[in-house]
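Here is the structure we will look at, set down as structure tokens.
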Amino acid sequence: MTNPRMNRKIITSRSGETDIAIDVFHLTKQFLIPQERKRSIFEHVKGLLKGGSYRYEIFSALDDVSFTVKKGESFGVIGPNGSGKSTVLKVLAGVLYADSGTVEINGLVSPFLELGVGFTPDLTAKENVYLYGAIMGIPTRELDQRYEEIFKFAELKRFENMKLRHFSSGMILRLAFSTAVQTDPEVMLVDEGLAVGDASFKKKSWEKIDELQKKGTTILLVSHDLEVISRLCSKCLLLQKGKVVMTGKTAEVIEMYNKIIERGELVENMKRKKLNIVTLTDK
Amino acid sequence: MWIFEYRELIHILTVSNLRVKYQSSVLGFAWSLLNPLLLMLVLYFVYSHLFVTQTKNFAIFLLVGIITFRVWANGTSSALSSIFEQSSLVTKIYIPRQIIVFSVVLSGLISSLLEFVVLFAFTLVFGIIPTTSIVLFPVILVIYFLIVYGMSLPLAALFVYYRDLNQIWTVIVQLAFFICPVMYSLAIIPAQYLPYYTLNPVTIVMTSFRDIFLYGTFPDLLSLLILCGLTIGILIIGTLIFSRLERRFAEEL
Chain A
724 MTNPRMNRKI
734 ITSRSGETDI
744 AIDVFHLTKQ
754 FLIPQERKRS
764 IFEHVKGLLK
774 GGSYRYEIFS
784 ALDDVSFTVK
794 KGESFGVIGP
804 NGSGKSTVLK
814 VLAGVLYADS
824 GTVEINGLVS
834 PFLELGVGFT
844 PDLTAKENVY
854 LYGAIMGIPT
864 RELDQRYEEI
874 FKFAELKRFE
884 NMKLRHFSSG
894 MILRLAFSTA
904 VQTDPEVMLV
914 DEGLAVGDAS
924 FKKKSWEKID
934 ELQKKGTTIL
944 LVSHDLEVIS
954 RLCSKCLLLQ
964 KGKVVMTGKT
974 AEVIEMYNKI
984 IERGELVENM
994 KRKKLNIVTL
1004 TDK
Chain B
-17 MWIFEYRELI
-7 HILTVSNLRV
3 KYQSSVLGFA
13 WSLLNPLLLM
23 LVLYFVYSHL
33 FVTQTKNFAI
43 FLLVGIITFR
53 VWANGTSSAL
63 SSIFEQSSLV
73 TKIYIPRQII
83 VFSVVLSGLI
93 SSLLEFVVLF
103 AFTLVFGIIP
113 TTSIVLFPVI
123 LVIYFLIVYG
133 MSLPLAALFV
143 YYRDLNQIWT
153 VIVQLAFFIC
163 PVMYSLAIIP
173 AQYLPYYTLN
183 PVTIVMTSFR
193 DIFLYGTFPD
203 LLSLLILCGL
213 TIGILIIGTL
223 IFSRLERRFA
233 EEL
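Residue numbers (the working numbering), protein chains in the order written: chain A, 724 to 1006; chain B, -17 to 235.
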């Protein structure tokens, strides 16, 4: 198994470009959803005695998805609920396996699927920063150097020896964000809540993200928040039910997305009207 | 190799495990030492008064057995739920998943080291002079660590899919306490079963540690070779099962 963080090879896209950061090629991912979820050995034995067979429903989360993201580009992934946005991100982060197709990332990756992965309430803020840093792949020596900066940015220097258990959720998120941005990623994979905390910290977070963007960090952002997407991303991918609807400039893709939603509501309204008619005629 | 590539993460995860385990109670370490000692006292009382035992230095005999057994029992039991308990390390980020199991087993080994130190002190109190055979102790302990780790891999992976495995494992651990020669010596095993009985890696480690700490002799070379063979086998099978099952961890957790 390859470690995505170590995946530093230069990939050449099919058209021969070398400035590609993320290359997703005919990616397909299916989930097997058992009709009866068996969670224990006991249930399995019971099922065998009954003589029932295993029935699965196949849910196609991603169906032949392809796209490329250029280096330094900020790329948004949007789509209605259940369209497979987060699945794309998880496959890219190496958390989920692809059933078929390939995913290649060129450069040091930092997945931000959630802030504060591995935070342990019974450890102090200091210990947690080192733990989280190690999980995110920051070498300890580098973390030593950036330690002051992390706590300064999080505005939590006073609390460095306090157990995380006594922190408010806002403080925890601030600490997590401050540590996470120290990874100096070349490719950032972000799911939703990018900027966290109160208004002033949010502003600081945005500035930090702008700074990363200027440095040439490639950002892949999955979000429902169209405002954030249009603010940050130059290009976008629209997914619906695991299929690519369109890829292109953010403004155009968002327009298409709004159309889809309107159409969806239209269909729903029609269904509702039909139901009304049926109930009327029944009477 | 992931162990070298991720040594800093393994180090920090292991230390964090130990901190969480012992920070919460001031008496943390003391309790973890008292536990095997109290069990030894109970068994000593039962065996020396109810059943008459001829074993010399029976207290040390028991203590070696109990501490050795605990390394395996505590190691596998805590590793069993490790992936499930730290599921965010699987579902929210990619790190080689065996690291989670590895660091839990490693922190268990480190806390057992203290128990071995106490054991060593006890042997001195009982007037047993250590011989050069003690140089083999760290070697066998490392092999033992690999055995516990190799067994923990499939357990931790299976627990992700079968959430009642811990109940079954508790029973198996209790059974193993009687199957392994914690309270009795190999002399009571009928000769025709002995070759099979000594195929149990925990038994080999236990008798080797008794040779080292109690009798001051070198463990039998043949059984050490068997132990190495078993270790390699357990590691290979464990890794194979783990890598097969880990593919869908993130979907199950």
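Just so you know, even glycine gets a beta-carbon here, dropped at the ideal spot from N, CA and C.
Contacts of residue i in chain A (Cβ-Cβ under 8 Å)
i: B/Val2; result: Thr843, Asp845, Leu846
i: B/Glu233; result: Phe754, Leu819
i: B/Glu(-10); result: Ala857, Pro862, Thr863
i: B/Ile150; result: Ile764
i: B/Ser70; result: Glu837, Val840, Gly841
Under 7 Å by beta carbon: chain A residues contacting residue i
i: B/Thr73; result: Val818
i: B/Gln80; result: Ordered by position in chain A, no residue passes the 7 Å Cβ test against B/Gln80, which lies about 10 Å from the chain.
i: B/Arg229; result: Tyr820
i: B/Ile170; result: Result: empty, since nearest Cβ-Cβ is about 34 Å, beyond 7 Å.
i: B/Gln5; result: Asp845
Partners in chain B for residue i, counting only beta-carbon separations shorter than 7 Å
i: A/Ser763; result: Tyr144, Arg145, Asp146
i: A/Tyr853; result: Ile(-6)
Given residue i as reference, the closest of the options once Cα atoms are compared
i: B/Leu123; options: B/Val(-3), B/Glu97, B/Leu15; result: B/Glu97
i: B/Leu216; options: B/Ile186, B/Met133, B/Asn148; result: With the sequence shown as reference, residue 216 of chain B is identified as Ile, and Leu is not the correct amino acid for it. Of the listed residues, the one whose Cα sits closest to B/Ile216 is B/Met133.
i: B/Ser14; options: B/Ser63, B/Phe43, B/Arg79, B/Gly90; result: B/Gly90
i: A/Thr810; options: A/Lys773, A/Thr751, A/Tyr855, A/Arg778; result: A/Thr751
i: B/Arg229; options: B/Ile92, B/Ile170, B/Gln80; result: B/Gln80
i: B/Ala103; options: B/Thr114, B/Val46, B/Met188; result: B/Val46
i: B/Phe231; options: B/Leu21, B/Lys3, B/Lys74, B/Glu(-10); result: B/Lys74
i: A/Lys793; options: A/Ile858, A/Val747, A/Ser823; result: A/Val747
i: B/Leu16; options: B/Ser70, B/Ser69, B/Leu101; result: B/Leu101
i: A/Pro757; options: A/Ile781, A/Asp786, A/His749, A/His889; result: A/Ile781
i: B/Pro18; options: B/Thr152, B/Val99, B/Ile223, B/Pro172; result: B/Val99
i: A/Arg824; options: A/Leu838, A/Tyr855, A/Asp787, A/Gly795; result: The sequence as given places Gly at residue 824 of chain A; Arg does not occur at that position. Closest by alpha carbon: A/Asp787.
i: A/Thr877; options: A/Ser901, A/Phe890, A/Tyr855; result: Sequence inspection shows Ala at residue 877 of chain A; the Thr mentioned does not correspond to that position. Minimum Cα distance to A/Ala877 is reached at A/Ser901.
i: B/Gln156; options: B/Ala173, B/Thr58, B/Gln5; result: B/Thr58
i: B/Ile116; options: B/Met22, B/Leu140, B/Gly198; result: B/Gly198
i: A/Lys937; options: A/Asp822, A/Gly795, A/Lys769; result: A/Gly795
i: B/His(-7); options: B/Val72, B/Gln68, B/Ile92; result: B/Ile92
i: A/Gly965; options: A/Ile977, A/Ile858, A/Gly805; result: A/Gly805
i: A/Leu755; options: A/Leu785, A/Asp742, A/Tyr870, A/Asn851; result: A/Leu785
i: A/Val976; options: A/Leu771, A/Val990, A/Cys956, A/Glu871; result: A/Cys956
i: A/Val768; options: B/Phe40, B/Phe11, B/Asp146, B/Leu128; result: B/Asp146
i: B/Tyr(-12); options: A/Glu934, A/Ala857, A/Gly817, A/Glu988; result: A/Ala857
i: A/Thr791; options: A/Glu915, A/Ile743, A/Glu930; result: A/Ile743
i: B/Met257; options: B/Phe119, B/Gly211, B/Ile150; result: The structure shown does not extend to residue 257 of chain B, since chain B is modelled only from -17 to 235, so the question has no answer here.
Cβ separation of residue i and residue j, assumed to be a contact under 8 Å, to the nearest whole Å
i: B/Leu209; j: B/Ile125; result: 6 Å
i: A/Lys944; j: A/Ile952; result: The sequence given here has Leu at residue 944 of chain A, not Lys. Going by Cβ atoms, the distance from A/Leu944 to A/Ile952 rounds to 7 Å, so yes, they are a contact pair.
i: B/Ile65; j: B/Val142; result: 6 Å
i: B/Tyr144; j: A/Ile764; result: 5 Å
i: A/Leu836; j: A/Leu819; result: The Cβ separation is near 11 Å, so there is no contact.
i: A/Gly802; j: A/Leu961; result: 6 Å
i: A/Val814; j: A/Val832; result: With 8 Å as the limit, A/Val814 and A/Val832 do not qualify as a contact, their Cβ atoms being about 12 Å apart.
i: A/Gly846; j: B/Val2; result: As written in the sequence, residue 846 of chain A is Leu, which differs from the Gly given in the question. Right, the Cβ-Cβ distance comes to about 7 Å (below 8 Å), so this counts as a contact.
i: B/Ala138; j: B/Leu62; result: 6 Å
i: B/Leu25; j: B/Leu44; result: 5 Å
i: B/Tyr179; j: B/Ile171; result: 5 Å
i: A/Pro834; j: A/Leu771; result: About 39 Å separates the two Cβ atoms, so there is no contact after all.
i: A/Asn884; j: A/Lys849; result: 6 Å
i: B/Ile48; j: B/Val153; result: At roughly 19 Å, the Cβ-Cβ gap does not stay under 8 Å, so B/Ile48 and B/Val153 are not in contact.
Partners in chain B for residue i, counting only beta-carbon separations shorter than 8 Å
i: A/Glu850; result: Ser(-2), Arg1
i: A/Pro834; result: Lys74, Ile75, Tyr76
i: A/Lys769; result: Neighbours of A/Lys769 on chain B: none; closest Cβ ~12 Å, over 8 Å.
Closer than 9 Å at the beta carbon, the chain A residues around residue i
i: B/Gln174; result: Those within 9 Å of B/Gln174 in chain A number zero; the least Cβ separation is about 34 Å.
9 Å Cβ cut-off: residues of chain B touching residue i
i: A/Lys808; result: Near A/Lys808 there are no residues of chain B at all, since even the closest Cβ is about 16 Å away, more than 9 Å.
Closer than 8 Å to chain D by CB, residue i
i: A/Lys813; result: Of the protein chains in the structure, A and B, none is chain D.
Using 8 Å as the cut-off, can you tell me whether the stretch 43 to 55 of chain B makes contact with the stretch 980 to 988 of chain A, which would need three or more C-beta pairs spanning the two stretches below that distance? The answer is no - the stretch 980 to 988 of chain A does not touch the stretch 43 to 55 of chain B, with fewer than three Cβ pairs under 8 Å.
Would you mind listing the alpha helix (DSSP H) stretches within the stretch 932 to 999 of chain A that are 4+ residues and don't spill past its ends, in chain order? The DSSP assignment places complete alpha helix (DSSP H) segments of no fewer than 4 residues inside the stretch 932 to 999 of chain A at 949 to 955, in order along the chain.
Take every Cβ of the stretch 840 to 850 of chain A, pair it with every Cβ of the stretch 888 to 897 of chain A, and state whether three or more of those distances are shorter than 8 Å. The answer is yes - the stretch 888 to 897 of chain A touches the stretch 840 to 850 of chain A, with three or more Cβ pairs under 8 Å.
Along the chain, which unbroken stretches of the beta strand (DSSP E) at least 3 residues long are found entirely within the stretch 860 to 937 of chain A? Taken in chain order, the whole beta strand (DSSP E) runs of length 3 or more contained in the stretch 860 to 937 of chain A are 910 to 914.
Counting pairs of Cβ atoms below 8 Å between the stretch 858 to 873 of chain A and the stretch 899 to 908 of chain A, do you hit three or more? Output reads yes: the stretch 899 to 908 of chain A touches the stretch 858 to 873 of chain A.
Per the contact definition of three or more C-beta pairs closer than 8 Å, is the stretch 151 to 168 of chain B in contact with the stretch 69 to 80 of chain B? Contact between the stretch 69 to 80 of chain B and the stretch 151 to 168 of chain B is absent, because fewer than three Cβ pairs lie under 8 Å.
Entirely within the stretch 738 to 792 of chain A and at least 4 residues each: give me those alpha helix (DSSP H) ranges in chain order. DSSP runs (the alpha helix (DSSP H)) wholly in the stretch 738 to 792 of chain A: 764 to 773.
In chain order, which beta strand (DSSP E) runs of at least 3 residues are fully inside the stretch 43 to 119 of chain B? Taking only runs of at least 3 residues, no beta strand (DSSP E) segment lies wholly in the stretch 43 to 119 of chain B.
Length-filtered (4 minimum) alpha helix (DSSP H) runs lying within the stretch 132 to 169 of chain B: Look at the stretch 132 to 169 of chain B and you find these whole runs of alpha helix (DSSP H), each 4 residues long or longer: 147 to 161.
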